[in-house]
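Worksheet: the structure to be examined is printed underneath.
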Amino acid sequence: MTVEITKNSSGEIADAVKKKTCNRTWWRAMLRGFSRKCPSCGKGNLYHKFLKISDTCPSCGEELHHHRADDAPPYFTIFIVGHILLPGIIVVEKLWRPEIWIHMSIWLPLTILLTLWLLPRVKGAVLGLQWALRMHGFEYSALCAPARQSAKSGQNNN
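Numbered according to my numbering, the sequence shown terminates at residue 166, and the numbering increases by one at each position without gaps.
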């Protein structure tokens, strides 16, 4: 299936092309990304290494290489981890006033573990949001979905 993409004078995708695309809910795409699954189908793994996103979904064939997550996931992760751990640190300090080495032995490993657990999930959620909002090349991927499905079914028949 060949799809011609035209732009009007203001640089937006033509209305005819917009009508062919499917609706994408941002919250569903972010939840799928947070669970480290493809934002399109929710089945295929998003990563092929710890923080390396696959170029395409192994399940539905959705192109994922368009993402530009860059610096946002680490910033959001630092923000979330800080807001989760800081109340605990303050409460422990106010109630028991432990030595600094006790603080370090408790909070440093918790910070590292929580960061390593959250970072791929936050990156997946950012990718899901970019996919749902059709940012950075994701706006054209829905137009290719029928061609991907027919090609995939053709491979399964062989």
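Virtual Cβ for every residue (Gly too), placed ideally from N, Cα, C.
| Asked | Found |
| --- | --- |
| Report the three-state DSSP secondary structure of Thr33 (helix, strand or coil). | coil |
| Considering only their Cβ atoms, is the gap separating Leu72 from Leu135 smaller than 8 Å? | yes |
| Could you pull out every residue in the same chain whose Cβ sits closer than 8 Å to the Cβ of His111, ignoring the five residues on either side in sequence? | Ile97, Val100 and Glu101 |
| I'd like the list of long-range same chain contacts for Ala24, defined as Cβ closer than 7 Å, with 5 residues on each side in sequence excluded. | In this prediction, Ala24 scores a pLDDT of 46, lower than 50, which makes its location untrustworthy; the coordinate-derived value is nonetheless stated afterwards. Nothing meets the Cβ criterion. |
| With 16 as the cutoff for other CB atoms within 10 Å, does Ser113 come out buried or exposed? | exposed |
| Let me know the secondary structure DSSP gives Glu101 once reduced to three states. | helix |
| Please state whether DSSP places Ile108 in a helix, a strand or coil. | helix |
| Just tell me which of Asn31, Arg129 and Thr119 has its CA closest to the CA of Val89. | Thr119 |
| At the level of alpha carbons, what is the spacing between Arg142 and Arg40? | 16 Å |
| Measuring alpha carbon to alpha carbon, tell me which residue in Tyr83, Val130 and Ala140 is nearest Phe58. | Val130 |
| What does a CB cutoff of less than 7 Å around Pro47 pick up in its chain, not counting 5 residues either side in sequence? | Ala37, Arg40, Gly41, Leu135, Gly136, Trp139 and Ala140 |
| Determine the direct distance from the alpha carbon of Trp109 to that of Cys68, and round the result to whole angstroms. | 50 Å |
| Which class does Tyr148 belong to by DSSP, given the choice of helix, strand or coil? | coil |
| For Lys131, name the three-state secondary structure that DSSP assigns. | helix |
| Quick check: Pro128 and Tyr55, are their CB atoms within less than 8 Å of each other? | yes |
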